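Below is one structure, written out as structure tokens; the observations come after it.
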Amino acid sequence: DTGVSQDPRHKITKRGQNVTFRCDPISEHNRLYWYRQTLGQGPEFLTYFQNEAQLEKSRLLSDRFSAERPKGSFSTLEIQRTEQGDSAMYLCASSLELGRDRSYNEQFFGPGTRLTVL
Amino acid sequence: GQSLEQPSEVTAVEGAIVQINCTYQTSGFYGLSWYQQHDGGAPTFLSYNALDGLEETGRFSSFLSRSDSYGYLLLQELQMKDSASYFCAVRDNYGQNFVFGPGTRLSVLP
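So the protein lines, in turn, are chains Y and S.
Last residue of the first sequence? That's 118 in our numbering, and every number before it is there in order.
Last residue of the second sequence? That's 228 in our numbering, and every number before it is there in order.
Here is the structure:
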């Protein structure tokens with residue numbers, strides 16, 4: 001257990017439905033990342049937050065995806081109008097960044113949410 | 119764009135030493151990390167290199183050559199529990215997001 005939790009662990013939905021995932025990072029971590037991973041591939045960056053600010057979003061990410069981190073604590077990732085191609089493991093990771101010259105580079109990953117779109 | 123290359127599979131026997139290579143092409147290189155992921159599990163951090171040279175942590179060592187855009191993970195005294203996928207990841211875009219490689223599946227045989 002890394003201290004990062006995700007909910008739900010599994011989600012099965014029908015194409016066209018909306019889904020929302022939650023991530024609770026390690027409390028003192030200021031950075032939170034979302035990744036998507038498919039079988040046999042490495043995690044693919046989706047977006048990240050520095051405290052409550054969303055600083056970067058992958059250019060590959062559809063407008064159907066949105067993420068929030070209110071108050072700089074937990075984060076939610078919403079997928080609207082799901083498609084079968086959205087089926088994947090969605091991973092959340094948190095880290096403590098202390099500035100460019102003193103940043104820590106260890107990301108702590110949660111167990112992931114496995115999404116299946118039928 | 120950014121890209122990383124790793125061998126897809128490596129097989130070794132218990133007690134042996136194995137090296138997993140990673141070559142990368144990216145802008146704004148900030149550092150190279152290595153993660154281990156067991157089947158059904160989440161990635162866990164192994165090591166990080168920002169400067170050229172070798173970093174050692176127990177049975178695992180990681181090496182970086184920025185001039186060659188190359189790094190490797192060295193696993194010594196292999197154990198069955200080391201069977202997993204190993205990912206290299208570079209910090210890109212002037213130290214912001216991480217780009218992961220495709221992963222190397224290591225199988226340790228008795």
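The beta carbon of each residue, even a glycine, is placed where N, CA and C say it ideally should be.
These numbers come from a predicted model, not from an experiment.
Asked, Found
"Interface residues of chain Y facing F181/S [CB-CB closer than 8 Å]", "Near F181/S there are no residues of chain Y at all, since even the closest Cβ is about 16 Å away, more than 8 Å."
"Min CB distance F109/Y to chain S below 9 Å", "yes"
"Under 7 Å (Cβ pairs) to chain S, residues found in the segment 80-99 of chain Y", "L91"
"Neighbour list for G221/S in chain Y, Cβ cutoff strictly below 8 Å", "G40, Q41 and G42"
"Any beta strand (DSSP E) of 3 or more consecutive residues that is wholly inside the segment 3-29 of chain Y", "5-7, 10-13 and 19-24"
"Residue-level contact to chain S via CB, F106/Y, 9 Å cutoff", "It should be pointed out that residue 106/Y corresponds to Glu in this sequence rather than to Phe. Yes, contact with chain S."
"Cross-strand partners of F147/S (DSSP beta bridge)", "Answer by DSSP bridge pairing: none, since F147/S is not bridged."
"For L172/S: DSSP bridge partner residues", "F181/S"
"CA nearest to the CA of Y148/S, picked from Q120/S, T222/S, D200/S and S201/S", "Q120/S"
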